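Taking it in order: structure first as structure tokens, then the write-up.
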Amino acid sequence: MAEREATQIKVGKFVVSIIGIRRLIGEMASTHADLSDEEVRSVMLERLGRDNYIPGGAKEDYGKAFVREFRKSLGQPVQEDAPEGLDIKVLGAGCNQCHDLSRIIMDALTELNISAGFEHVTDMREIARYGIMGSPALLINGKVVAVGSVPPKNRIKNWILEAAEALGVRQK
Numbered sequence: 001m002a003e004r005e006a007t008q009i010k011v012g013k014f015v016v017s018i019i020g021i022r023r024l025i026g027e028m029a030s031t032h033a034d035l036s037d038e039e040v041r042s043v044m045l046e047r048l049g050r051d052n053y054i055p056g057g058a059k060e061d062y063g064k065a066f067v068r069e070f071r072k073s074l075g076q077p078v079q080e081d082a083p084e085g086l087d088i089k090v091l092g093a094g095c096n097q098c099h100d101l102s103r104i105i106m107d108a109l110t111e112l113n114i115s116a117g118f119e120h121v122t123d124m125r126e127i128a129r130y131g132i133m134g135s136p137a138l139l140i141n142g143k144v145v146a147v148g149s150v151p152p153k154n155r156i157k158n159w160i161l162e163a164a165e166a167l168g169v170r171q172k
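Mapping of the sequence shown onto this note's numbering: residues 1 to 172, in sequence order.
Structural data, given as structure tokens:
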């Protein structure tokens, strides 16, 4: 059932699950790597639209996200969108510590009543791009704050508050 595997990607301001994107990227890697972004976008929107709901008004954002994921998977340079507000990432293949860290972060955000983009990156190629050797790793707004352990919730809350204050993000 690998072909029905869903992968979370950022589309505009949202993180959405896309069924079959990794499989499609693998199929296209050798034949589409040298094509224009517009050609890649067109193929990916058509093929991924068969198994995924892609809102008509968001096709441009989805197409841009699909091309970004395709280019990243090939190790080609991509322009990442600048995050709006807090951007929190856990890097780790999915071990118990990684899941614990993700849960603690979600609890901390809830307790602090702060909105943030949150992503748990499990793809080893994507993790390798950060150059971090320990797992789990915690990044807040691109800054590595912890590697190889799960810090206490209070420490994580302090990091989140400091990052939010630096960006002018307020608690709701």
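Think of the CB as a built atom: it goes at the ideal place given N, C-alpha and C, for glycine as much as any other residue.
Predicted model, so just to flag it, every value in this text is computed and none were measured.
Inter-residue Cα distance where the pair is residue i and residue j
{"i": "R22", "j": "K153", "result": "33 angstroms"}
{"i": "A6", "j": "G131", "result": "25 angstroms"}
{"i": "E27", "j": "G12", "result": "25 angstroms"}
{"i": "V90", "j": "T31", "result": "33 angstroms"}
{"i": "F118", "j": "S17", "result": "14 angstroms"}
{"i": "V121", "j": "L24", "result": "19 angstroms"}
{"i": "Q97", "j": "F70", "result": "29 angstroms"}
{"i": "G148", "j": "G134", "result": "5 angstroms"}
{"i": "M44", "j": "L35", "result": "12 angstroms"}
Of the residues the options, the one placed nearest residue i, counting alpha carbons only
{"i": "D123", "options": "I114, N158 and P136", "result": "P136"}
{"i": "S115", "options": "A128, G168, G56 and A146", "result": "G168"}
Backbone secondary structure at residue i - three-state DSSP
{"i": "E162", "result": "helix"}
{"i": "V67", "result": "helix"}
{"i": "D34", "result": "coil"}
{"i": "D87", "result": "strand"}
{"i": "K13", "result": "coil"}
{"i": "V43", "result": "helix"}
{"i": "Q76", "result": "coil"}
{"i": "T110", "result": "helix"}
{"i": "A146", "result": "strand"}
{"i": "A173", "result": "The shown model of the chain, from 1 to 172, leaves out residue 173, and the question about it has no answer."}
Integer-rounded CB distance, given that residue j should sit under 8 angstroms from residue i
{"i": "L109", "j": "A163", "result": "At roughly 11 angstroms, the Cβ-Cβ gap does not stay under 8 angstroms, so L109 and A163 are not in contact."}
{"i": "I19", "j": "D51", "result": "5 angstroms"}
{"i": "R103", "j": "V67", "result": "Not a contact, Cβ separation roughly 33 angstroms."}
{"i": "L112", "j": "K64", "result": "Contact doesn't hold; Cβ gap of about 31 angstroms is too wide."}
{"i": "L74", "j": "L101", "result": "Going by Cβ atoms, the distance from L74 to L101 rounds to 29 angstroms, so no, they are not a contact pair."}
Neighbour flag for residue i against chain B, beta carbons, 8 angstroms
{"i": "S149", "result": "Judged by its chain identifiers, the structure shown contains no chain B, having just a single protein chain."}
Sequence-distant residues of its chain with Cβ nearer than 6 angstroms to residue i (five each side left out)
{"i": "E126", "result": "none"}
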